[in-house]
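Student: Can you keep this structure in mind? I'll have questions shortly.
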Amino acid sequence: MSASTILNRSLFTALLAAALCAAPQFALAQKRGGTLVQITQPEPPTLASYLSTSGPIGQVTAKIYDGLFEYGFDTKPLPSLAESWTVAPDGKTVTFKLRSGVKFHDGKPFSSADVQFTIMEVLKKVHPRGSNTFKEVTTVETPDPQTAIFRLANPAPYMLAALSGYESPMLPKHIFGNGDIRSHEFANKPVGTGPFKFVEWRRGELVRLDRNPDYWRPGQPYLDRIVVRFIPDSATRTALLEKGDAHVAGFGAVPYNDVKRLAALPSIEVTTKGYEMISPVVEITINTKKPPFDNVKVRQAVSYAVNRKFAIDNVWFGNGRLATGAISSNFKASGLYSADVRNYSVPNAIEMANKLLDEAGFPRKADGTRFEIIHDITPYGEEWQRFGESVQQQLVQVGIKATLRYEDVPTWLKRTYTDYDYFMTSNFLYNLADPVLGVHRSFHSALIKQGTVFVNGSRWSSPQADDLMNKASLEPDAAKRGTLYAELQKITVEAAPIVWVHELLFPTILNKRYKDVIVSPIGIYGAYNRAWLDR
Amino acid sequence: MPQSFWRRFIRNRPAAVGLAFLVFVVVVSLGAPLFFAGDPFGIVGKPFLPPFGAYLFGTDSLGRDIAAGIAHGGRTSLMVGLVATIVAVSVGTLLGAFAGFYRGWIDDVLMRFTEFFQTIPTFLFAIVLVAIMSPSRASIVLAIAVISWPPIARLVRGQFMATREREFVQAAICLGMTDAAIIFRQILPNVLSPIIVAGSLMVATAILIEAALAFLGLGDPNAMSWGFMIGAGRSFLRDAWWLCAIPGIAILLTVLSINLVGEGVNDALNPRLRTL
Amino acid sequence: MSTPPAAANGRGGPPAATNGVDEPALLAVQGLNVALPAWADRERAVSDLSIQLLPNQIVCVVGESGSGKSVLARAIMGLLPAPHVHVTGGRVLFDGEDLLQATPGRMRAVRGARIAMIFQEPMTALNPLMTIGWQIEEMVEIHLVLGARERRARILALLEEVRLADPERILRAYPHEISGGQRQRAMIAMALILEPAILIADEPTTALDVTTQAQILALIKELQRKHQTGVLFITHDFGVVAEIADHVAVMRHGVLVEIGTAAQVLNAPQHEYTRSLIAAVPALAPRAKRVTDAAPVVLEVRGMTKTFASGAGWFSRARRSVPAVKAVELALRRGHTLGLVGESGSGKSTLARCIIRLIEPDAGSVRLAGIDLSALTRRELRPHRKHIQMVFQDPFGSLNPRMTVVQLIAQGPITHGVAVPEALARARELLQLVRLDPAAADRFPHEFSGGQRQRIGIARALALKPLLLVADEPVSALDVSVQAQVLQLLADIRDRLELTMLFITHDLRVAAQVCDEIAVMRQGEIVETGPTAAVFADPQHPYTRELLAAVPGRNWVPPRF
Amino acid sequence: MALGPKTAVYIVRRLAQAVPVVIGIVVLNFLLLQLAPGDAATVLAGEAGGAPPEYVAQLRERFGLDRPTHVQLLLYLKNVLSLDLGYSFRNSMPVSTLILGRLGPTLLLMGATLLASVLCGVLLGLLAATAVNTWRDRVISVAAVIAYATPLFWIGLMLILLFSIKLEWLPTTGMEDVVAFNEGWDRVLDIARHLVLPTVTLSLFYMALYTRMMRAAMLDQRGMDYVVTARSKGLSERLITYRHVLRNAVLPVVTMAGVQVGSLLGGSVVVESVFAWPGLGQLAFQSLFARDFNLLLGIFFLSACLVVLVNLAVDLVYLALDPRINVD
């Protein structure tokens, strides 16, 4: 990985005091009471968010488990269970001052021992991303119940971006410390310090969370209850939101075609905020080791042929932003995004594609085709199938006959990341909070790891790109980082191992009577402690 | 015999109507490449055009011609229904014939097997098969055939058991005929009519199963099919009802006409029943 | 309505509608016409029929199948299968009331209470899901207002009257749990419980064994005398007629051809058709043995045993095992005809099928012309099968409906290697031998009558020139006139081809006519064997005596014309 | 007929004979599922949006997926025979708990469907058969023929469109109103309202089948000799129908109902997905795509047991209805 050379820096010093953050109550007259019904799709397989990062889990558990931090829309950390923190100048020691008087839902107090247990015994060992995030953590020291000191082998600034209650939930040691953490009886009966307490999980139906009266933020939460419903049928999900029987839904839980209609309703508000630390991208991964895609011209031709605008308008019904390259335009603010790359969305794209294919040595045969391939479809649902169908049609125009293949998730994952037995496949990846976490994995030669999913499946690599990424992950200066990434974007777009189609704008549907629901860049992965019902 | 069969069949009005419609469906499906040239997945116009405008049945969410989809989808439905039935009926007839004729252990094994298929939720089993083999026309046909042959085998077994006791079969044994001759030349022609009837009804069931699989997203992604169209149109139920309604009606009418024809065949083959 | 017009077919004038007695009729059918549906082979089921029934009288209506005798019974009861079959004219006067004009409600009151009916097959005539007691009780309940105890007492009394042992058990039993004879007794009890004026009996003994038949006939007669009931008794069997009838009416194609007292009709029939029917009834007098014991033994059966295991299926209610044939020994000489006689379930058919290896016997050997067939495997047996051929009982089931007549006859020789054209040519010759029109060769079995089909079956068996012909009840499904023709044909062919024959029958009259020797079977065993004449004249075994005594009309010698 | 010791022996024997069938199902499915590409570990890693290979290997070891197939099978069989259905790692729960949680809704839907289809089918068949060739018969027969040809999922969607979206008479989906958290009778009523559409959808096909069977059986039975006997006794047509014919005609429907149960669970996959009914069908569907084979096998095992039990129950009913059938 990238963090082998250390640059001496201390970006993070002591930050704001807790009081500053806990002060938003004065803005509006929040009212107590009410039940918020959230739709989560699909039903989470478990509630063990320390064991699996499967999307829907966090939508439930972030209300139960707190993290050390929260984050503002600028993706900067804010205090939560940690009142304050300091990073030593060498970056190898991080000290967290923990809030006092915090109690778990079972009444036992929260202390540094719980932090130590959670990091060292749980997240570092069994959390799929945690082993990476906390890789550099050697010990967590607990000089007193309110202090936790992380000792790191190397500086790991990205760690501080991963301490939300969604990503790194703080668990009660007195419960999870007993028994096998991998199959713990409390896995699906979570006990945390969060604003809502777990009541019941009716499988296939709902999870019910009730207000935690002993929540550490006085007066909060405002809601009496949160019900998370699981509705497999998309039309029903829409209907529930429309009727006001459900109040919030995100992450594509509502079909994109319904969003427009819902948005027009006076009772409903649609926002694309709350995904800033996620940055999802729709793309087509090309197997660069499989002829004819080992030829860069062929890949570029495909990149020209794919009509991004059509996908946004007709498949995702406008819920997308044209993607230009490897890094999402969400990073424009931080200066990491660059549009100075080859532009594939040009009016004469088809012409360009045909020309490139001719040059690549694939002339049209008598029947008008140049060659045949199989196009795999991400098995994530109907819009992906429609996307595949539209791509198939677009490829016909440049003489590529694509047969579609639609398999279930495990089969598809195995084909793409283990067997590499594919030509090109649609794909869906998150840029996450930082390119180091979400972008490097698709290009770095170190991440051509057979059997590991969602890494470099196209198996494209170049020493130059590797070098750029290694440098960027350790570069403290934002402007310099921007330059490095601009170069990376240029190279990768030119090599076209991936067709970046669009930056998916997940619409979050929100009933207007519910206020302050989406208040952070993790959106519905938030705790909802400030959400309230305006009757 | 065939002539009187035909007369009896045509005199049965629902069956005649069913046959006429079925012929229409077959003609449209087989002629789909003529009537609707090109790929049915091809995008022809703006999405969500309502029916009876520029396009007979309108366009779907991507702007594909629904009428073309119906015509080409009919090919898939009929093909899957027919081939799956032929496979299931052949296997079922063969096994049922041997079990019913020889009884003994062959029969025991077969009965255990059909019991097995009665005990397992068959549609779920079909889903498992298709998921494992990856959705394609071949895997769907195979899955439907696998879950469909046991009832045929039971039927044929029963018929063989009964017919085997008929005196003309005993006479054939007395004449010294080989078992194969007795099974295929003596008994089989006499039990063909229930098999034909069951087979024709099975085509209808197979079409429904194929549609359900496609609806659940387990159809062949390269073959336009009615179930797929319904599944794809499901999200637009409220805004563009025709996306679901039209292919649904196509399935309904086709299955209905096959059932009517099947029953007509049954009635025409067993004229006794109708004299009552 | 006055006297009926002359019969349409013109074969003699209509018989007198009286029974020759001046008593007032209990039931008078006058000029009854019953129409058949358009697709039937004739216009009317019953044409212009008049008949009378007096109290305390048994009138037998006799005729072959399709004569319209059952339709008559149902027309009287108002039970014709409307709308296809319906009355188009005439009157049915019962106690002076025309039942054809009665309202449905009135008819319901008459049915069961005043006119009751019993049927041929008591097993299907009773509701299989209800107890006997419930079904009898229902009869009482719908017609009378009686307390439960009274009802029960009355039923029990009647059950004793029809001689049902253990009536309490019978009441609780379901139809399938009692024997055929018991069922028919229960039916009779049900029919008579309301002391009806008239009992209509539609072939009530046809489905029963000969000994049971005799008992039931006696019972009907006894009860009829006791209750002074008028009985309209429908039958095809002149033996039964001779046994029970006071008056006899003969029907043919829906027309009454002759009516008169039993003595008149049976012994001095006037109408040509009646004469031909009576002529066809085989006499009970045994034929003389035609051949000597010097002929070589063709068939030798030793220790033949077959036990049916049952209880294999979930729902079979039979006992664990049923011995069907117990160590039977038989020998049959060339040219002889051995009659295997016995009641249903005696094992005679099983024995025949064991000999021919349609059923694998448990033990025993079969030697045919010196070859031990039982030592052969099924496959090895195949070429030898042509030496034993069989003629089956059911003229409808024994011919493959999908094959033409020549194919049916030629398939045996073809199977055994005869060239196809030769086999077909020979099949056509055989058609002449069994006296069928050669034009019939290319038609399918369903185009023929029962008797013609039996001829085809015989031709098929003969095509292989067998050493032994096994005939399993070959005439019992046929009408009496056809039966006579087929028996005659068999006899002719046997004599011409010197056939050896094993002839299975339940009918002692037929056995007497055909067989040189007979073997009497009961419960899987041969209880008596010997030359037919000897056995008939001096039966040794009590069962043989019982059988002979039970033959209906045994004291009546059909006149020969 | 009565529940005597013979019947008890029969029940025990039937259950004993079902054991190999059920085990056969488990074994066959186990082997079949081995053919499926990918495993639970891949799925979990995929759901997590990626995971290091060590993590995946660790998962495999934990799930026992690293052992040879026959060892896994033997272990599984051993567990099943001691009625331990194993642990669903994906759901972090014992399989039995998961299944039990879904069993209630499943049985509710199955029961309601069975009841509705049999009762309505018998009733409609009766209504049609007692008025043969009148408009009533024609309407019922035509409706039955159409219902018989209707794709389940499609009619489900259309019912939602009509009754939930357009008319707003009935709830769209789910098993109960989860916002209300009703108690007592309110809850029962609420569940009943939710039950209507899925039950109608799922029972439509069989209702049509039973209607047709019942009508045919009634007409068939009307031609039987015992009906003539009943007429000759002076019974009215009404009494003949209700006392004699009905009971005989119901028998084939009872047999068919046993067959229906087996297919109900499979068919409910589609209906459960349309109506978001929290039943076993959906669970099975999900577990297949998650390669959660312990769970899927558990469901197959349980549904096989269920079918065996229901078939037994149907046969016992048959036994009570038809005295000709004996347990010997």
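Residue numbers (our numbering), protein chains in the order written: chain A, 1 to 535; chain B, 1 to 276; chain C, 1 to 561; chain D, 1 to 328. Heads up, the beta-carbon is just placed ideally off N, CA and C, and yes, glycines get one too.
Considering only their Cβ atoms, is the gap separating A/Val94 from A/Ile119 smaller than 8 angstroms?
Tutor: For A/Ile119 and A/Val94, no; Cβs fall outside 8 angstroms.
Student: Can you check whether the CB of C/Asp479 is closer than 8 angstroms to the CB of C/His236?
Tutor: Cβ distance < 8 angstroms, so C/His236 and C/Asp479 count as in contact.
Student: List the endpoints of the continuous beta strand (DSSP E) containing C/Pro128.
Tutor: Neither: C/Pro128 is in no beta strand (DSSP E) and is coded neither H nor E.
Student: For C/Gln393, collect the residues of the same chain with a Cβ closer than 8 angstroms to its Cβ; drop the 5 residues on either side in sequence, then sort them by chain order.
Tutor: The residues are Asp472, Glu473, Pro474, Ser476, Ala477.
Student: Starting from C/Gly230, trace the beta strand (DSSP E) both ways and give me its first and last residue.
Tutor: Per DSSP, C/Gly230 belongs to the beta strand (DSSP E) from 230 to 235.
Student: By the 7 angstroms beta-carbon criterion, what residues does the stretch 134 to 156 of chain B contribute toward chain A?
Tutor: Within the stretch 134 to 156 of chain B, the residues whose Cβ lies closer than 7 angstroms to some Cβ of chain A are Ser134, Pro135, listed in chain order.
Student: With C/His247 as the anchor, note down where its beta strand (DSSP E) starts and where it stops.
Tutor: It spans 247 to 252 - the beta strand (DSSP E) in which C/His247 sits, taken as one unbroken run.
Student: Within 8 angstroms (strictly less), CB to CB, does A/Tyr50 reach chain B?
Tutor: Not one chain B Cβ lies under 8 angstroms of A/Tyr50.
Student: Please report how far the alpha carbon of C/Phe503 lies from the alpha carbon of C/Ala484, in whole angstroms.
Tutor: Cα-Cα distance, rounded: 15 angstroms.
Student: Between the stretch 418 to 426 of chain A and the stretch 286 to 297 of chain A, are three or more C-beta pairs nearer than 8 angstroms?
Tutor: Yes, since at least three Cβ pairs between the stretch 418 to 426 of chain A and the stretch 286 to 297 of chain A fall closer than 8 angstroms, the two stretches touch.
Student: Consider the Cβ of D/Val139: report whether some Cβ of chain B lies at a distance smaller than 8 angstroms.
Tutor: Judged by the 8 angstroms Cβ criterion, D/Val139 is not in contact with chain B.
Student: Looking at chain B, is there any beta carbon in it that lies within less than 8 angstroms of the beta carbon of D/Trp135?
Tutor: With 8 angstroms as the cut-off, D/Trp135 does not count as an interface residue toward chain B.
Student: Going by DSSP in three states, C/Cys60 sits in which element: helix, strand or coil?
Tutor: Strand.
Student: Please confirm whether A/Gly274 and A/Pro521 have their CB atoms less than 8 angstroms apart.
Tutor: In contact: A/Gly274 and A/Pro521 (Cβ atoms closer than 8 angstroms).
Student: Return no unless some Cβ of chain B is closer than 8 angstroms to the Cβ of D/Trp185.
Tutor: By this cut-off, D/Trp185 is not an interface position.
Student: To test your reading of the DSSP string, which unbroken beta strand (DSSP E) runs of 3 or more residues are found completely within the stretch 92 to 136 of chain A?
Tutor: Listed in chain order, the complete beta strand (DSSP E) runs (minimum 3 residues) inside the stretch 92 to 136 of chain A are 93 to 98.
Student: Write down the C-beta distance between A/Leu621 and A/Val248 rounded to the nearest angstrom, noting that I regard them as a contact closer than 8 angstroms.
Tutor: A query on residue 621 of chain A cannot be resolved here, the shown segment of chain A reaching from 1 to 535 and no further.
Student: Go ahead and pull the three-state DSSP assignment for B/Leu201.
Tutor: B/Leu201 falls in the helix class under three-state DSSP.
Student: To the nearest whole angstrom, what separates the beta carbons of D/Val21 and B/Phe116, a pair I think is in contact under 8 angstroms?
Tutor: Indeed they touch by this definition, with Cβ atoms about 6 angstroms apart.
Student: Could you pull the start and end residues of the alpha helix (DSSP H) that D/Leu204 belongs to?
Tutor: Its alpha helix (DSSP H) spans residues 184 to 222.
Student: Helix, strand or coil, according to DSSP, for C/Ala6 in the structure here?
Tutor: Note that C/Ala6 scores a pLDDT of 38, beneath 50, so its modelled location is shaky and nothing firm can be said.
Student: When the Cα of A/Glu503 is compared with those of A/Pro213, A/Ile327, A/Asp466, A/Thr369, which residue comes out closest?
Tutor: Considering only alpha carbons, the answer is A/Ile327.
Student: Is it right to say C/Gly90 is buried, meaning 16 or more other beta carbons lie within 10 angstroms of its own, or is it exposed?
Tutor: C/Gly90 should be labelled buried.
Student: Look at the alpha carbon of C/Leu100 and the alpha carbon of C/Leu49, and state the distance between them as a whole number of angstroms.
Tutor: Their Cα atoms are separated by approximately 14 angstroms.
Student: Could you pull the DSSP bridge partners for A/Trp201 from this structure?
Tutor: A/Trp201 is bridged to A/Val207.
Student: According to the neighbour-count rule (16 or more other Cβ atoms, all chains shown, within 10 Å of its Cβ), is A/His127 buried or exposed?
Tutor: Per the 10 Å Cβ criterion, buried.
Student: Please report the distance separating the alpha-carbon of A/Pro251 from that of B/Leu94.
Tutor: Position check: residue 251 of chain A holds Phe in this sequence, whereas Pro was assumed. Using only the alpha carbons, I get a separation of about 53 angstroms.
Student: If we define contact as Cβ-Cβ less than 8 angstroms, is C/Arg402 a contact residue for chain B?
Tutor: Interface residue, yes.
Student: Along the chain, where does the alpha helix (DSSP H) containing D/Gly281 start, and where does it finish?
Tutor: Here the alpha helix (DSSP H) through D/Gly281 covers 280 to 289.
Student: Would you mind telling me which residues of chain B sit closer than 8 angstroms to A/Ile377, beta carbon to beta carbon, in chain order?
Tutor: The answer, in chain order, is Pro221.
Student: Which whole-angstrom value is the C-beta distance of A/Arg211 and A/Pro221, which I expect to be below 8 angstroms?
Tutor: 6 angstroms between Cβ atoms; contact.
Student: What residues of chain B sit near C/Ile356, judged by a beta carbon separation below 9 angstroms?
Tutor: Under the 9 angstroms cutoff, chain B gives Gln170, Ile173, Cys174.
Student: Which of helix, strand or coil does DSSP assign to C/Ala173?
Tutor: Of the three classes helix, strand and coil, the one that applies to C/Ala173 here is coil, per DSSP.
Student: Should D/Tyr206 be flagged as near chain B, meaning a C-beta pair shorter than 8 angstroms?
Tutor: False, the Cβ-Cβ gap to chain B never drops below 8 angstroms.
Student: Should A/Asn427 go down as buried or exposed, given a rule of 16 or more other Cβ atoms within 10 Å for buried?
Tutor: Buried, because 16 or more other Cβ atoms sit within 10 Å of the Cβ of A/Asn427.
Student: What residues of chain B sit near D/Leu32, judged by a beta carbon separation below 8 angstroms?
Tutor: Residues of chain B passing the Cβ test: Val128, Leu129, Ile132.
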